[in-house]
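**Student:** Shown below is the structure under consideration.
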Amino acid sequence: MITISLCMIVRDEEDVIERCLDSIKDAVDEIIIVDTGSKDKTIELAKKYTNNIYNFKWIDDFGAARNYSFSKATKEYILWLDADDIFLDEDKEKLKYLKETLDSSVDSVTMNYQTHFDEFGNPILTFKRNRLVKREKNFLWIGFIHEYLAVFGKAIDSDIKVVHRKLKGSGKRNLEIYQNKLKEGYVFNARDTYYYGKELFYNGMYHEAIYRLEEFMVMDGWVEDKIDALYKIADCYDGIGNSKKARESCLRAFEYSSPRAESCYRLGYLFQKEERYNEAIYWYETATKLEVPENFLGFISIDYWTWRPHLQLCVCYYKINKIQESFEHNELAAKFRPQDSNVINNREFFKSIGIQ
0 MITISLCMIV RDEEDVIERC LDSIKDAVDE IIIVDTGSKD KTIELAKKYT
50 NNIYNFKWID DFGAARNYSF SKATKEYILW LDADDIFLDE DKEKLKYLKE
100 TLDSSVDSVT MNYQTHFDEF GNPILTFKRN RLVKREKNFL WIGFIHEYLA
150 VFGKAIDSDI KVVHRKLKGS GKRNLEIYQN KLKEGYVFNA RDTYYYGKEL
200 FYNGMYHEAI YRLEEFMVMD GWVEDKIDAL YKIADCYDGI GNSKKARESC
250 LRAFEYSSPR AESCYRLGYL FQKEERYNEA IYWYETATKL EVPENFLGFI
300 SIDYWTWRPH LQLCVCYYKI NKIQESFEHN ELAAKFRPQD SNVINNREFF
350 KSIGIQ
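For what it's worth, numbering that gives the first Met the number 0 labels the leading residue of the sequence shown as 0, then goes sequentially.
This is the structure in C-alpha cells:
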C-alpha cells in the first residue's frame, strides 16, 4: 500500500477548511497546511487535523507557495487540494482502493475536477488535473497564477473526482496579480498571456481581452487553450455587439479540432440573436449529434453537449412554426433538466394549445 501526504495552501479559509479536511482525512497519512497570511481562524481550525502547519510569506505566486507545501511532505505520494475542494464519499473510497492497488512505478495520477455547477447542483465544467504525484520525482509547480504541475514519467488516468465548492469568489484578485506583474516588467509567456486574457474577459474588459487572447493565438501553446481562447474571443465580440467577428472566432476553432458542442452552440446562438432561425437550427442540431468525448484532457462544458441546444431548438422551431419539433426538443431538454423553469413553462404552454 502506498502512503499519501495531503498538501494544501490556504488563506482565510475558516468557512471551508473543516469541510475539506473532514472529507479526506481518513484517506491520507499526513496533512501539510501552508498558510499564506490568514487573519481569521483558519490556522486554529487546521490544528484540529494536523501539527504540520507552516507559514509562507505571500509574494503573489501560487506556484511558489505550492512548491513550498510539497517540500514539507514526507510520504510516498502527494495529493493536493484547495480548501474549497471536497471528496465525496464514493470518491474517497476509490482513493482508498487506489492506495491499496497502485503500482509504485506510477509517477502521476490524473483525476477529474468538477469546478462549475448549475442551479440544481449538476456539474457543467469538468477537466483533468494531475492530482496525485510521486514525491521523490520532485515535480514542480509552474506559474505564479493558474499554476500547473509539470509532470513526466509513467502516468495513469482515474475516474476519481474532486469537487470544487467555492463559497466566495476571488473578485479582481487574479486580474490585479497579472497587472502588478506587468508593472514590475514581468514578461508573460504563452500560458500567462492566455490566462490574463481570460481574466480580462471575466472582468468585462472585452477589447483588451481580445488583444491579449489574439496575442496568445500566435504564440506556442496547448491546443486546448487555443480552442478555449477562441471561444472567449467569440464571447468578447458578442459582448461588444460584433456578431460577425464572433462567428468567425467560432469557426477558427475548427482549425484545431473537429466541431465541438461549445462552438456549434455559440454559432447557433449568434444566428438566433439575428433571427436567422434556419442557420441557428443547423448549428444547434449539430451540437446535439456530437458525443461527449471520454478521457478528455481539455475543458468540457457539459451543458452545451446536452440540454442547452435542445432548449434553444424548442424556441427556434417554434419561431418557424414547426410546433411538433419545438415540443419534442423541449422534452429532450427535460430529460436533462426536468426541474428547469423554462422546460416546465414550455410544457404548460404546449398543453394549453393541445400538445403533450
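Backbone N, C-alpha and C define an ideal beta-carbon position, used for all residues, glycine too.
1. Just the Cα atoms here: how many angstroms apart are residue 313 and residue 150?
2. Do residue 114 and residue 129 have their C-beta atoms closer together than 8 Å?
3. With a CB to CB cut of under 8 Å and the five nearest residues on each side skipped, what residues in its chain are close to residue 248?
4. With a Cβ-Cβ cutoff of 8 Å, do residue 112 and residue 125 count as a contact?
5. Mind the definition here: the segment 26-44 touches the segment 3-15 only if three or more C-beta pairs lie below 8 Å; say whether that holds.
6. Spell out the partners DSSP gives residue 156 in its beta bridges.
7. Measuring CB to CB, does residue 96 end up less than 8 Å from residue 2?
8. Whole angstroms is fine: what's the gap from residue 0's alpha carbon to residue 244's?
9. Contact defined as beta carbons within less than 8 Å: I believe residue 33 pairs with residue 82. What is the distance between those atoms, to the nearest angstrom?
10. Do you know offhand how far residue 284's Cα is from residue 309's?
11. Determine, using beta-carbon pairs with one atom in the segment 296-303 and one in the segment 250-268, whether at least three such pairs fall under 8 Å.
12. Runs of 4 residues minimum, wholly inside the segment 55-122: which ones carry the alpha helix (DSSP H) assignment?
13. May I ask which residues mark the beginning and end of the alpha helix (DSSP H) holding residue 222?
14. Can you tell me whether DSSP reads residue 129 as helix, strand or coil?
15. Return the CA-CA distance between residue 197 and residue 41, expressed in angstroms with no decimal places.
16. Counting beta carbon pairs with one atom in the segment 165-183 and one in the segment 129-149, are three or more of them shorter than 8 Å?
17. State the DSSP-derived secondary structure class of residue 169, mapped to helix, strand or coil.
18. Using 8 Å as the limit for Cβ to Cβ distance, is residue 197 near chain D?
19. How about residue 26 and residue 91: do their beta carbons lie closer than 8 Å?
20. Can you list, in chain order, the residues of its chain whose CB lies under 6 Å from that of residue 157, leaving out five sequence neighbours each side?
21. Residues in the same chain with beta-carbon distance under 7 Å from residue 271, minus the five sequence neighbours each way, listed in chain order, please.
22. Whole angstroms are fine: how far does the CA of residue 23 sit from the CA of residue 86?
23. Based on Cα-Cα distance, which residue from 318, 349, 320 and 319 lies nearest to residue 330?
24. If distances are taken between C-alpha atoms only, which option among 132, 49, 276 and 191 comes closest to residue 218?
**Tutor:** Judging by the given coordinates:
1. 46 Å
2. no
3. 229, 230, 232, 233 and 236
4. yes
5. yes
6. 109
7. no
8. 55 Å
9. Their Cβ separation, rounded to whole angstroms, is 11 Å, which puts residue 33 and residue 82 out of contact at 8 Å.
10. 8 Å
11. yes
12. 61-70 and 88-100
13. 222-238
14. strand
15. 30 Å
16. yes
17. coil
18. Of the protein chains in this structure there is only one, and it is not chain D.
19. yes
20. 108 and 110
21. 279, 311 and 315
22. 6 Å
23. 349
24. 191
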